[in-house]
Amino acid sequence: MKYAVDEVNANPKLLPGIRLGYKIHDTCRQSSVIIRPTISFLTEKSTKVLSVQCNYTDYETSVAAVIGPNGSEMVSVIGKLLGFFLMPQISHRATSDQFSDKSLYPSFFRTVPSDKWLVEVTVLLIKEFEWNWVAVVGSEEEYGQRGVQEFSKLAEKSKLCVAYQALIPVYTDPAPAIEVIINNIKASNVSVIVVFSLSEPTAALFREVVKHQITGVWIASTSWANRVFEIPGIQSIGTVIGFTDKMESVDLLVEYAQVLFMKISKENLKPTQQEQSESHNPCPQCWNLSVANISLMEQVGVKQAAFSVYAALYSVAEALHKLLLCDDKACDWKPETKVYPWKVPVSTCSAACDPGQVRRVKGFHSCCFDCIDCQPGTYQADAGQEAGRNTNMLNTRPAGRP
């Protein structure tokens, strides 16, 4: 994220004369944590207060866009709130298909494919090998629940039989549930198991699979397919077929991180007393980064996430470039508002009568009439007088004469 912002700011042809700033917050994958920074993003630019208003048309938020969060569970917490303010939100990892509904998430975008396509290719793969007896397991949160639900639905339409389906707890101890899952997989006699799960629950599941020496074909979703090699003993459980998102390398990112790691090591940066607690510092090892840790940047999962974040940041920069009417030299946007007066159209059945005329209604509608001249010696007593009513005699005698 920081690398992409620095690269945009260093490019004289992208947003010329404008510099992007940023705030980065760790969600800790907890709903209670992600709400606070989200509300701060939505505070009014001038007052830094989130006020209740009847009309937010002219409301200016503190930030122009939000990148993230990482997963579907967190997006489901804040997505509708950001959508209410039409705050552009670009997630680099939330794949749940529910976020494609623009009536619920009008300002949500992402730089990864929807799970809709993952489910479809998974079913196509199973049909290609003529398997029809499968199990499906997911993590018990937005991503896993949606994956299991959508896969089971499409499998039924495709005449595949789902022998067993289950969810692995994410926020409580998964061990009891995993034991039940292992026993049911054995009992159902399936050889193909689809796993729509986050990487941590997946690792917990496969530790038990390895221990029980269960073998078969395991179909990996995008959330853990590129980390399968990290699971101890994974080579003993049979065949793993996984899907991963297409990615590109981010040029010079490793070199950028190398300089950053050297700075951390040289300046001997240490966390504050508050940051030393686990709740405020979920990554204590991050304070010990040095050039020796540069291999982290070469991991497939890191490369994939890096490209998605990089693409998300550039989508914001390019959108602002167009919105602010920028070319490669300057931005032509001005805060003045051009007013185009609205010419009110005419919608009347008949035009108004001239002075000295009265209306004669045509048909059933009083709005439709002909204009006729007043009879000699009479005048129009009031505007809009209709013919047939009494008119006043016009006195033409000179004053003072009988």
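Going by the numbering used here, the sequence shown opens with residue 748, and the numbers climb by one from there. A virtual CB, placed ideally from N, CA and C, is assigned to each residue, including glycine.
Nearest-angstrom Cβ-Cβ length linking residue i and residue j, presumed shorter than 8 Å
i: S854; j: G830; result: 5 Å
i: V1038; j: F1008; result: 5 Å
i: I771; j: M748; result: 6 Å
i: C1100; j: R1106; result: 6 Å
i: Y890; j: L945; result: 6 Å
i: A751; j: L1060; result: 4 Å
i: V1056; j: I825; result: Not quite, the Cβ-Cβ distance comes to about 17 Å (not below 8 Å), so this is no contact.
i: A1058; j: T858; result: 4 Å
i: I1041; j: V1006; result: That pair is no contact at about 10 Å.
i: V881; j: V939; result: 4 Å
i: H1159; j: A1052; result: Nothing about residue 1159 can be reported from this structure: the residues present for the chain run from 748 to 1149 only.
Proximity below 9 Å, CB of residue i to CB of residue j
i: A841; j: G885; result: no
i: V883; j: V927; result: no
i: D1120; j: K1109; result: no
i: T808; j: L789; result: yes
i: S1187; j: I765; result: Shown here, the chain extends from 748 to 1149; a query on residue 1187 therefore has no answer.
i: G1048; j: S968; result: no
i: F1054; j: V997; result: yes
i: E947; j: V917; result: yes
i: I915; j: R954; result: no
i: A1077; j: P784; result: no
Among the options, nearest to residue i - alpha-carbon criterion
i: Q1156; options: V1049, K933, F976; result: As displayed, the chain neither begins before 748 nor continues past 1149, which places residue 1156 out of reach and without an answer.
i: S861; options: F846, Y852, L851, T869; result: F846
i: L851; options: H839, L833, V866, K1050; result: L833
i: N879; options: D1079, T869, V752; result: T869
i: F898; options: K1010, P921, V866; result: V866
i: D920; options: Y1003, E887, G894, L767; result: E887
i: G1103; options: Q1051, D753, G1124; result: G1124
i: D1074; options: L761, A1058, E754; result: L761
i: A811; options: T962, L767, S779, D848; result: L767
i: W864; options: K849, S843, F856; result: S843
i: R776; options: Q896, T804, S823; result: S823
i: Q896; options: I925, A1004, F943; result: F943
i: T962; options: C1096, Y806, G980, E1045; result: G980
i: L999; options: I1011, E1045, R974; result: E1045
Exposed unless 16 or more other CB atoms sit within 10 angstroms - verdict on residue i
i: I984; result: buried
i: Q982; result: exposed
i: W1089; result: exposed
i: F1153; result: In the structure displayed, the chain extends from 748 to 1149; residue 1153 sits before or after that span and is not available.
i: Y769; result: exposed
i: S758; result: Correcting the residue type first, residue 758 is Asn in the shown sequence and not Ser. Exposed, by the Cβ-count rule.
i: F976; result: exposed
i: N936; result: exposed
i: N802; result: exposed
i: M1140; result: Model confidence at M1140 stands at a pLDDT of 45, short of 50, so the residue's coordinates are unreliable; what they give is reported in the following sentence. Exposed, because fewer than 16 other Cβ atoms sit within 10 Å of the Cβ of M1140.
i: N1137; result: Unreliable placement is indicated for N1137, whose pLDDT of 49 sits below 50; no coordinate value is reported for it.
i: L1043; result: exposed
i: E754; result: buried
i: W1080; result: exposed
i: A972; result: buried
i: L1072; result: exposed
i: I786; result: exposed
i: P835; result: buried
i: S779; result: exposed
i: V1091; result: exposed
i: A922; result: exposed
i: T949; result: buried
i: A1004; result: buried
i: A1064; result: buried
i: A1098; result: exposed
Contact with chain C by residue i, beta-carbon distance below 9 Å
i: L1007; result: Absent here is chain C; the protein component of the structure consists of one chain.
task: Mind the definition here: the stretch 993-1006 touches the stretch 910-925 only if three or more C-beta pairs lie below 8 Å; say whether that holds.
output: By the criterion of at least three beta-carbon pairs nearer than 8 Å, the stretch 993-1006 is not in contact with the stretch 910-925.
Are three or more beta carbon pairs between the stretch 793-802 and the stretch 819-826 nearer than 8 Å?
no
**Asked** Counting Cβ pairs closer than 8 Å, one from the stretch 898-907 and one from the stretch 871-880, do we hit at least three?
**Response** yes
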